[in-house]
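Quick note on our numbering: the sequence shown kicks off at 176 and runs consecutively. Backbone N, C-alpha and C define an ideal beta-carbon position, used for all residues, glycine too. Presented below is the structure to which this report refers.
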Amino acid sequence: MPTTPPEDWYEVAFGDLYNVIYAHRSVEAAAPEALFAAQVLDLKPGERVLDLCCGNGRHLVHLSRITRHATGLDYSRALLQRARRALGDRARLVRADMRAVPFTHEFHAVTNFFTSFGYFQNDSENMQVIAETARALKPGGRVFIDYVNPTFVRDTLEAHTARNAGEYEIEECRWIDEEAKRINKSTRISRNGTLVQELGESVRLYDQQELLSLLAQAGFAADYCYGNYTGVPISADEPRMIFKATKCR
Ligand SMILES: C[S@@+](CC[C@H](N)C(=O)[O-])C[C@H]1O[C@@H](n2cnc3c(N)ncnc32)[C@H](O)[C@@H]1O
Numbered sequence: 176m177p178t179t180p181p182e183d184w185y186e187v188a189f190g191d192l193y194n195v196i197y198a199h200r201s202v203e204a205a206a207p208e209a210l211f212a213a214q215v216l217d218l219k220p221g222e223r224v225l226d227l228c229c230g231n232g233r234h235l236v237h238l239s240r241i242t243r244h245a246t247g248l249d250y251s252r253a254l255l256q257r258a259r260r261a262l263g264d265r266a267r268l269v270r271a272d273m274r275a276v277p278f279t280h281e282f283h284a285v286t287n288f289f290t291s292f293g294y295f296q297n298d299s300e301n302m303q304v305i306a307e308t309a310r311a312l313k314p315g316g317r318v319f320i321d322y323v324n325p326t327f328v329r330d331t332l333e334a335h336t337a338r339n340a341g342e343y344e345i346e347e348c349r350w351i352d353e354e355a356k357r358i359n360k361s362t363r364i365s366r367n368g369t370l371v372q373e374l375g376e377s378v379r380l381y382d383q384q385e386l387l388s389l390l391a392q393a394g395f396a397a398d399y400c401y402g403n404y405t406g407v408p409i410s411a412d413e414p415r416m417i418f419k420a421t422k423c424r
């Protein structure tokens, strides 16, 4: 089994090669996701929206067409540079840690796409992210969280895959640490047979009830839960757990 990712894996995993590994996660692929989120959130022109962990800005490209007041927050300098190139001056971009969101009561809505949650070793730090989301929102603000479905992950886990992406060969190993309740991944990126970089990822596998409980602790009332971007309910057959909740206090 490959080495367990270090606790601070997220500080290195989202560098220049991230867009090679996840090339299929493009601006085009993000369009229906951003539109679904905007619809579920009932996002109106003129409202302020924060994409928490915006990455290369692929959802912001679409959200910024709905409202002129779109902001992206991310920790990765490399991905924020890409976001700036994709967005020009159509969105405000901020480099910060999701555990310390530098906004208070500023946004009508917050989005969090593609499993950008559960990264920290301690549950209290993951809870802090939800609490910071609540603080960034105005009273009555809405949040949209697109998170992995742990049941689906356990049922469909491919322990080892290998593929080519452009000039790179990518080998991925995935395993579940049931004691820590985490899905771990080790990715080896090579070019012409020579290892270029090895990256780890590790995400806490919260189940639906646990996530609803975290939201409730932060003062959110959950309005809807979906299993994918067509709006079907969460079930063992669906890959995602998508939550829409409203800040009540
Ligand atoms: C799986 S990616 C998703 C990015 C984007 N939402 C998308 O769908 O393409 C997770 C994002 O979280 C960001 N991230 C990781 N750790 C972070 C932290 N501590 N604070 C803020 N952003 C972080 C990464 O840089 C990366 O852009």
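The closest heavy atom of ligand 1 lies less than 7 Å from the beta carbon of Asp272. Bridge partners of Gly375 according to DSSP: Ser361. Here Gly263 is exposed, its C-beta having fewer than 16 other C-beta atoms within 10 Å. Note on geometry: alpha-carbon atoms of Phe395 and Lys419 lie some 9 Å from one another. Pairwise C-beta distances place the segment 260-280 in contact with the segment 298-305, as three or more of them are shorter than 8 Å.
The C-alpha of Arg357 is placed about 20 Å away from the C-alpha of Asp412. Taking a contact as a CB-CB distance under 8 Å, the pair Arg223 and Phe282 counts as one, their CB atoms being some 5 Å apart. Secondary structure at Phe292: coil, using DSSP grouped into helix, strand and coil. Pairing Leu218 with Leu238, the inter-Cα distance amounts to about 9 Å.
According to DSSP, residue pairing for Asn339 in a beta bridge involves Glu344. CA-CA distance, Glu186 to Tyr250, rounds to 8 Å.
Rounded to whole angstroms, the separation of the alpha carbons of Thr286 and Val215 is 11 Å. Taking the Cα positions, Ile351 is about 42 Å away from Pro220. Under the DSSP definition of a beta bridge, Asp226 partners with Gly247 and Thr286.
Secondary-structure assignment with DSSP links Tyr399 through a beta bridge to Lys419.
Scanning its chain for C-beta atoms nearer than 6 Å, with the 5 sequence neighbours on each side dropped, one finds around Ala393 the residues Ile305, Ala306 and Ala309, in chain order. DSSP places Pro314 outside any alpha helix (DSSP H); the residue lies instead in the beta strand (DSSP E), whose first and last residues are Leu312 to Val323. One alpha carbon belongs to Gly190, the other to Leu254, and they sit about 7 Å apart. Straight across, the Cα-Cα distance linking Gly375 with Arg270 is about 22 Å.
Taken through DSSP and simplified to helix, strand or coil, Asp352 comes out as strand.
If you check the CB distance, Val323 and Val407 do not come in under 8 Å.
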